[in-house]
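The next block holds one structure in the form of structure tokens; read it before the comments.
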DNA sequence: GGAACACTTGAGCAACTGTTCAAGTGTTAT
DNA sequence: ATAACACTTGAACAGTTGCTCAAGTGTTCC
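Residue numbers (the numbering used here), protein chains in the order written: chain V, 1 to 131; chain H, 1001 to 1131.
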């Protein structure tokens, strides 16, 4: 009965190989929500843009070639998941990445997806410059 | 005109604060695809389960209290994004996390979402035991 | 060979998501 | 106070996604 070498899986094995609930259910739902918000091309593009520093909505909109409303809606989704920061500066509202953790998630996924072919040296170095 | 201290954002500023395309467009789409696959509670649960070691579909189904077809469909989505490994063992097919990178992504998100209240010591230590 | 087991797959339908449009809020300039 | 600017928001519609069911594939056992 070489269970460790051969992880076979008869019904009686299932009973012995009990799995543990590693995290509280709420944590999984929150994490899924974060991934869901990031799991959209245009929204992830936005995050990579903000990874290079703060920007106001108009600036983002012109950079992406989209209208204000669309960008604002995308930012709302990201904001609902706590992924971006937001502060007013006169007439403008500046958005940025919420914290280093978000920067890391985006950075890691991009590094993985581009398999080392990207130059990410400019990315997320401004996140801590919140002052 | 204190631009560095005050990142204001008049139209003429937008032109000077040019952003760079850090990654090729394809990489962003691939990364978004990965996040999209992870951005579903039940599917993320599956990944955390596989983070504790390989399991066959039947075992997963009984553990989650769902039917085979539903689990198989979820695994298909994860497989299409290259997040899980798959190998046959007799009648059974064993699934696991594809690589350490996937384990890291899930681990980081859970750690973030549970704010240090989870015991993740059992997680993903088996990923490299592919032999 | 045939039967049983362990999945996989395509189709169908309900539920969700993203974009656009039109109307609204808050701030600055006059 | 009025106008202009910089967004935000709710509703509506199209496109996408996830689950269930029924039929299919591949493997083992007899």
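Every residue gets a Cβ at the ideal spot worked out from N, C-alpha and C, and that includes glycine. Remember, it's a predicted structure, so these values are computed and weren't measured experimentally.
Contacts with chain H at 8 Å (Cβ-Cβ) include residue 39 of chain V.
Contact between residue 1083 of chain H and residue 1034 of chain H is confirmed by a C-beta separation of about 7 Å, below the 8 Å threshold. Here the C-alpha atom of residue 1121 of chain H lies approximately 46 Å from the C-alpha atom of residue 62 of chain V.
Among the CB atoms of chain V, none fall inside 8 Å of the CB of residue 1080 of chain H.
For residue 1094 of chain H, the three-state secondary structure derived from DSSP is strand. Proximity of chain V to residue 1048 of chain H at the Cβ level (cut-off 8 Å) is accounted for by 22, 23, 28, in chain order. Every beta strand (DSSP E) stretch that sits fully inside the region 1011 to 1095 of chain H and reaches 3 residues is listed by chain position as 1084 to 1089. Residue 1103 of chain H does not reach chain V, its nearest Cβ partner there being about 12 Å away, counting only Cβ pairs nearer than 9 Å.
Collapsing the DSSP output to three states places residue 1104 of chain H in a helix. In terms of beta-carbon proximity, residue 1085 of chain H stays away from the interface with chain V, with every pair separated by 8 Å or more. Residue 1062 of chain H reaches chain V at 14, counting residues in chain order whose Cβ is nearer than 8 Å. Contact check for residue 109 of chain V and residue 1041 of chain H: beta-carbon distance about 19 Å, past the 8 Å limit, so the pair fails to qualify. Contact with chain H is found for residue 109 of chain V, since one of that chain's Cβ atoms lies less than 8 Å from the residue's Cβ. Inter-residue distance for residue 99 of chain V and residue 87 of chain V is about 14 Å (C-alpha atoms, whole angstroms). Residue environment: residue 1069 of chain H is assigned as exposed (fewer than 16 neighbouring CB atoms within 10 Å of its CB, all protein chains considered). With respect to the 8 Å criterion, residue 20 of chain V and residue 43 of chain V are not classified as neighbours on the basis of their beta carbons. For residue 114 of chain V, the three-state secondary structure derived from DSSP is helix. Listed along chain H, no residue sits closer than 9 Å to residue 72 of chain V by beta-carbon distance, the nearest being about 15 Å off.
Taking a beta-carbon distance threshold of 8 Å, residue 1076 of chain H does not count as an interface residue toward chain V. Around the C-beta of residue 39 of chain V, 16 or more other C-beta atoms lie within 10 Å, and the residue is accordingly described as buried.
Counting the other Cβ atoms within 10 Å of the Cβ of residue 52 of chain V gives 16 or more, which makes it buried. Burial check for residue 1059 of chain H: the Cβ neighbour count within 10 Å reaches 16 or more, so the residue is buried.
Judged by beta-carbon spacing, residue 1103 of chain H lies beyond the 8 Å limit of residue 114 of chain V, meaning their Cβ atoms are not closer than that value.
Less than 8 Å separates the beta-carbon of residue 112 of chain V from that of residue 1101 of chain H.
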